[in-house]
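**Student:** Numbering (this note's numbering), first residue to last: 116 to 254. Beta carbons: idealized from backbone N, C-alpha and C, even for Gly. No experiment lies behind these values; they were computed from the predicted model shown.
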Amino acid sequence: PPTEEQLQRLREGVVITTEVQKDNNSNRGTSKQKKFEVRAKTLPCKIRRLPSGSSTTTDELSTRLEFTLVEGRNRQIRKMVESIGLKVASLHRTGFATITLRGLSEGNWAELDHREMRAIERVISAADEVRGRGDEEKG
116 PPTEEQLQRL REGVVITTEV QKDNNSNRGT SKQKKFEVRA KTLPCKIRRL
166 PSGSSTTTDE LSTRLEFTLV EGRNRQIRKM VESIGLKVAS LHRTGFATIT
216 LRGLSEGNWA ELDHREMRAI ERVISAADEV RGRGDEEKG
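1. Alpha carbon to alpha carbon, how far is Asp-138 from Phe-151?
2. If I'm right that Pro-116 touches Thr-178 with Cβ under 8 Å, what's the distance once you round it to whole angstroms?
3. Grab me the residues of Ile-162's own chain with a C-beta within less than 8 Å of its C-beta, minus the 5 sequence neighbours each way, in chain order.
4. Glu-252 to Val-245, Cα distance in whole Å?
5. Nearest to Glu-134 by CA position, among Leu-158, Gly-210, Ala-241, Lys-194, is which residue?
6. Among Glu-120, Ile-239, Glu-119, which has the Cα closest to the Cα of Glu-186?
7. Give me, in chain order, the residues of the same chain whose beta-carbon lies closer than 6 Å to that of Val-196; leave out the 5 immediate sequence neighbours on both sides.
8. So, at 8 Å on beta carbons, what are the nonlocal neighbours of Gly-254 in its own chain, with the 5 sequence-adjacent residues on each side left out?
9. Using a Cβ-Cβ distance under 8 Å, would Arg-188 count as near chain D?
10. Bridge partners for Arg-179 per DSSP, in chain order?
11. If I follow the unbroken alpha helix (DSSP H) through Glu-186, where does it start and stop?
12. By the 10 Å Cβ neighbour count, where 16 or more other Cβ atoms means buried, how is Thr-209 classified, buried or exposed?
13. Compare the beta carbon distance of Ile-192 and Val-129 with 8 Å and say whether it is the shorter of the two.
14. Taking Ala-234 and Ala-212 to be in contact with their CB atoms under 8 Å, please state how far apart those CB atoms are, rounded to whole angstroms.
See the structure below:
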């Protein structure tokens with residue numbers, strides 16, 4: 116199981132390697148995606164230990180943790196945990212923005228209501244602004 120020191124390192128941010136894509140516009144009017152790896156420190160996050168409950172692994176030392184990220188990158192939690200010498204047995208997303216799985220039983224789904232759709236639109240809009248893609252690229 117992770118030590119409190121290891122969890123604190125994760126909470127403060129650790130350096131991981133992640134793949135990013137960049138549009139490479141050529142002179143011929145075509146656009147290609149260029150991929151490359153970047154090493155960067157993760158943003159601070161919240162982590163708390165959860166009660167053990169039933170485990171899907173036979174490892175009695177497994178620990179359940181809840182991560183709350185500001186912005187999650189591809190495979191970020193797995194890479195963060197690996198950076199402190201541990202492995203992730205399984206992941207389960209319980210929410211995105213203000214939308215949670217509360218009230219849904221396993222295997223079921225529900226349509227998003229107007230409020231939830233607006234929350235997603237706000238997240239996308241904010242991400243576009245951060246990346247310098249304002250309204251001019253949306254239409």
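**Tutor:** Based on what the coordinates show:
1. Start at 1 with the first residue of the sequence shown, and residue 138 comes out as number 23. Start at 1 with the first residue of the sequence shown, and residue 151 comes out as number 36. Cα to Cα, the separation comes out at about 12 Å.
2. As a first step, residue 116 is located in the sequence shown; it is residue number 1 there, counting from the start. As a first step, residue 178 is located in the sequence shown; it is residue number 63 there, counting from the start. Yes, Pro-116 and Thr-178 are in contact; Cβ-Cβ is about 4 Å, under 8 Å.
3. The residue you call residue 162 lines up with position 47 of the sequence shown. The residues are Leu-122, Leu-125, Arg-126, Leu-180, Glu-181, Phe-182, Thr-183.
4. Taking the sequence shown and counting its residues from 1, the one referred to as residue 252 is at position 137. Taking the sequence shown and counting its residues from 1, the one referred to as residue 245 is at position 130. Unreliable placement is indicated for Glu-252, whose pLDDT of 48 sits below 50; the coordinate value is still reported in the next sentence. Taking the straight line joining both Cα atoms gives about 13 Å.
5. The residue you call residue 134 lines up with position 19 of the sequence shown. That would be Lys-194, whose Cα lies nearest to the Cα of Glu-134.
6. As a first step, residue 186 must be located in the sequence shown, where it is residue number 71. Taking only the C-alpha atoms, the option nearest Glu-186 is Ile-239.
7. Looking up residue 196 in the sequence shown gives position 81. Result list for Val-196: Val-203, in chain order.
8. The sequence position of residue 254 within the sequence shown is 139, counting from 1. Low local confidence applies: a pLDDT of 46 at Gly-254 is under 50, so the model's placement there is unreliable, with the coordinate-based value given in what follows. Same-chain partners within the cutoff: there are none.
9. Of the protein chains in this structure there is only one, and it is not chain D.
10. Numbered from 1 along the sequence shown, position 64 holds the residue referred to as residue 179. Arg-179 pairs with Leu-165.
11. Residue 186 sits at position 71 when you count from the first residue of the sequence shown. Glu-186 -> no alpha helix (DSSP H), and no H or E assigned at all.
12. Locating residue 209 in the sequence shown gives position 94, where the first residue counts as 1. It counts as exposed.
13. Here residue 192 is taken as the residue at index 77 of the sequence shown, counted from 1. Here residue 129 is taken as the residue at index 14 of the sequence shown, counted from 1. No, they are not a contact pair.
14. Indexing the sequence shown from 1 puts residue 234 at position 119. Indexing the sequence shown from 1 puts residue 212 at position 97. Yes, Ala-234 and Ala-212 are in contact; Cβ-Cβ is about 5 Å, under 8 Å.
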